[in-house]
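In my numbering, the protein residues as written are 11 to 299.
Ideal placement from N, C-alpha and C gives every residue a C-beta, glycine not left out.
Comments concern the structure below.
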Ligand SMILES: Nc1nc2c(ncn2[C@@H]2O[C@H](COP(=O)(O)OP(=O)(O)OP(=O)(O)O)[C@@H](O)[C@H]2O)c(=O)[nH]1
Ligand SMILES: [Mg+2]
Ligand SMILES: [Zn+2]
């Protein structure tokens with residue numbers, strides 16, 4: 011048996027990477043009966059057949075599983091925004107961060123199109139750095155920050171996510187010349203009414219595997235209990251157990267350690283507002299079901 015990673019799935023064929031070799035596989039019949047899904051990113055055992063074909067016999071345990079895009083065993087999410095065109099939306103960034111944290115995927119933040127602003131990075135970027143997130147400030151025009159980002163991809167499965175037009179595909183093209191992912195102007199994308207990037211595929215880059223995803227501009231919060239939301243805001247999680255009431259949701263309750271920290275400027279008010287907005291959404295959802 012050979013072990014490898016599913017890098018692509020296409021009309022019933024699974025492309026399994028094992029070092030430099032790629033095996034084009036069918037699934038063993040049992041998968042159909044068990045209704046077991048095989049995802050891009052899965053580690054599988056296969057039995058070789060003729061030439062470079064084979065049959066997948068077994069899927070090894072998954073560490074995690076993303077729904078959108080459907081990828082298993084993701085090490086990190088590179089949440090990408092642009093300095094401008096399109097303007098960064100920090101509420102959407104916080105949504106991506108909550109989604110990644112709750113899926114067991116380490117998020118890092120990439121702010122692209124640095125050339126539109128210059129050397130001085132926007133202040134909010136440092137806020138996220140201080141919270142503890144890895145931050146990359148890049149430009150595919152001036153090739154800034156690309157070496158650092160490239161190094162971060164080594165030995166991992168990374169998913170690039172973020173709104174359409176921020177330059178996810180352009181970044182990957184710059185990191186690995188010859189990749190030739192399609193890129194485009196936002197205006198052209200809107201005209202066509204769809205995104206440039208579509209298929210889910212793990213691309214080998216710099217000793218790592220990377221997924222380029224189509225951008226999206228809205229994102230539902232994951233299915234997490236409202237009471238757990240604070241754990242996905244690392245700077246709020248630190249205050250666990252410090253409020254007067256153990257059931258404190260850090261909203262209206264008196265003697266709340268988090269509200270106090272916001273008043274003192276220890277917690278950023280914008281982040282806290284996004285927390286409250288997400289809390290409200292999750293509470294509404296719990297009321298409906
Ligand atoms: N000024 C500037 N423009 C950039 C930079 N990187 C990419 N662009 C431009 O931004 C536009 C969108 O780039 P894409 O790479 O297609 O964006 P994307 O995030 O992959 O978009 P989707 O696939 O639709 O999600 C293109 O016109 C790029 O040339 C950059 O660093 N600076
Ligand atoms: Mg793209
Ligand atoms: Zn509280």
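- Within the same chain, and ignoring the five residues on either side of residue 179 in sequence, the residues whose Cβ sits closer than 6 Å to its Cβ are 191, 193, 207, 222.
- Counting only the Cα atoms, residue 101 lies some 16 Å from residue 244.
- Looking at the DSSP output, residue 218 sits in a beta bridge with 215.
- Assignment of residue 71 by DSSP, reduced to helix, strand and coil, places it in the coil class.
- In this structure, residue 107 sits near residue 117, with a CB-CB distance shorter than 8 Å.
- A Cβ closer than 5 Å to some heavy atom of ligand 3 marks a residue here, and those residues are 253, 258, 260, 266, 268.
- For residue 219, the number of other beta carbons within 10 angstroms of its own is at least 16, and it is reported as buried.
- In the three-state DSSP reduction, residue 272 falls in the helix class (H, G or I).
- Excluding residues up to 5 positions away in sequence, 18 lie with their Cβ nearer than 6 Å to the Cβ of residue 211 in the same chain.
- Residue 86 and residue 252 have their C-alpha atoms roughly 31 Å apart.
- Close CB contacts of residue 151 within its chain, under the 8 Å cut and outside five residues either way in sequence, are with 123, 125 (chain order).
- According to the DSSP assignment, residue 28 belongs to the beta strand (DSSP E) that extends over 23 to 28.
- In this chain, the alpha helix (DSSP H) harbouring residue 287 covers 279 to 298.
- When the alpha-carbon of residue 77 is set against those of 276, 62, 47, 69, the nearest one is in 47.
- When C-alpha distances from residue 79 are compared across 226, 99, 140, the shortest belongs to 226.
- Here DSSP, grouped into helix, strand and coil, assigns residue 122 to strand.
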